[in-house]
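J.:
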Amino acid sequence: MSTVLILGAGPNIGLATAKVFATAGYRVAVASRSKPADLDSSYKHFKFDASKPESVPSLFGEVRATLGDPSVVIYNTAQATSTPDGAFTLGLEQFRNDMDVNTTSPYITAQEAIKGFAKTGPGSTFIYTGNKLNVLGWPSLLSCGMGKSAVAHMIRTANIAFPDKGYKFYYVDQRQKDGNVTIPVGGPAHANEFLELAKDAKQRPWHYTFVEGQGYVDFHER
1 MSTVLILGAG PNIGLATAKV FATAGYRVAV ASRSKPADLD SSYKHFKFDA SKPESVPSLF
61 GEVRATLGDP SVVIYNTAQA TSTPDGAFTL GLEQFRNDMD VNTTSPYITA QEAIKGFAKT
121 GPGSTFIYTG NKLNVLGWPS LLSCGMGKSA VAHMIRTANI AFPDKGYKFY YVDQRQKDGN
181 VTIPVGGPAH ANEFLELAKD AKQRPWHYTF VEGQGYVDFH ER
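One point on numbering: in the UniProt record's numbering, the residue at position 65 of the sequence shown is 65, and numbering is uninterrupted.
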């Protein structure tokens with residue numbers, strides 16, 4: 001039985017993903033700062049604070065010791081600090097916090113995931129919950145967009161870094177049919193796409209823009 005590790009246990013995407021993967025027969029590990037009150041008892045919860053990248057290796061150590069190396073790792077934690085007064089008004093402390101959550105912790109998570117993929121083998125999958133900010137300027141969400149853009153580059157690079165390993169890497173971004181931002185995003189829609197990507201032995205487009213009910217749609221970096 002394979003293990004999925006979901007970082008971020010929000011009531012929308014996080015818990016919907018846990019449910020879909022559990023139904024598909026995966027052992028489910030969920031990591032978040034606090035344990036959701038409605039978390040299914042069959043899921044294993046691990047305490048994790050994404051603003052502390054140095055804690056990622058110990059998280060993976062706990063998951064490995066309890067459930068084995070995860071063959072699917074989904075980074076679903078995000079920080080979006082709005083600055084309606086201007087693009088460059090965020091203070092240094094909050095900026096660092098945002099970058100730790102959106103960029104540095106995902107980088108360390110990918111490092112740890114890849115160590116485990118050496119054991120779980122071809123088909124192992126790393127998924128990052130993205131949005132359109134890697135290709136869209138949004139002044140009041142500058143720090144979030146910078147973080148998403150950095151990880152998009154990381155995913156693009158990871159996609160070509162292991163040509164003989166069979167590992168898969170995705171930046172997943174839900175859109176409307178016209179390519180615009182989807183607000184709010186769909187939890188079950190993400191969960192179903194995540195499972196489909198994990199089950200496919202072959203790498204699909206790393207920048208995985210999808211429309212609910214249609215699946216992948218190529219919006220040509222827009």
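For glycine and all other residues, C-beta sits at the position ideal for the given N, C-alpha and C.
For residue 12, is the beta carbon positioned less than 7 Å from some heavy atom of the ligand ADP?
T.: Annotation note on the ligand ADP: not contained in the displayed structure, which lists no ligands.
J.: Please list, in chain order, all residues of the same chain as residue 167 whose beta carbon is under 6 Å from its beta carbon, the five residues on each side excluded.
T.: 117, 124
J.: Grab the span of the beta strand (DSSP E) containing residue 174 for me, first residue to last.
T.: Annotation for residue 174: the continuous beta strand (DSSP E) segment containing it runs 168-175.
J.: Curious, which full-length alpha helix (DSSP H) runs of at least 4 residues does the region 69-152 contain?
T.: The region 69-152 contains these whole alpha helix (DSSP H) runs: 92-99, 105-120.
J.: Please classify residue 23 as buried or exposed, where buried requires at least 16 neighbouring CB atoms within 10 angstroms.
T.: exposed
J.: Taking C-beta to C-beta, are residue 151 and residue 170 nearer than 8 Å?
T.: no
J.: Pull up the CB-CB distance for residue 92 and residue 81, whole angstroms please, since I reckon it's below 8 Å.
T.: 12 Å between Cβ atoms; not a contact.
J.: How many angstroms separate the CA atom of residue 62 from the CA atom of residue 85?
T.: 42 Å
J.: With 16 as the cutoff for other CB atoms within 10 Å, does residue 106 come out buried or exposed?
T.: buried
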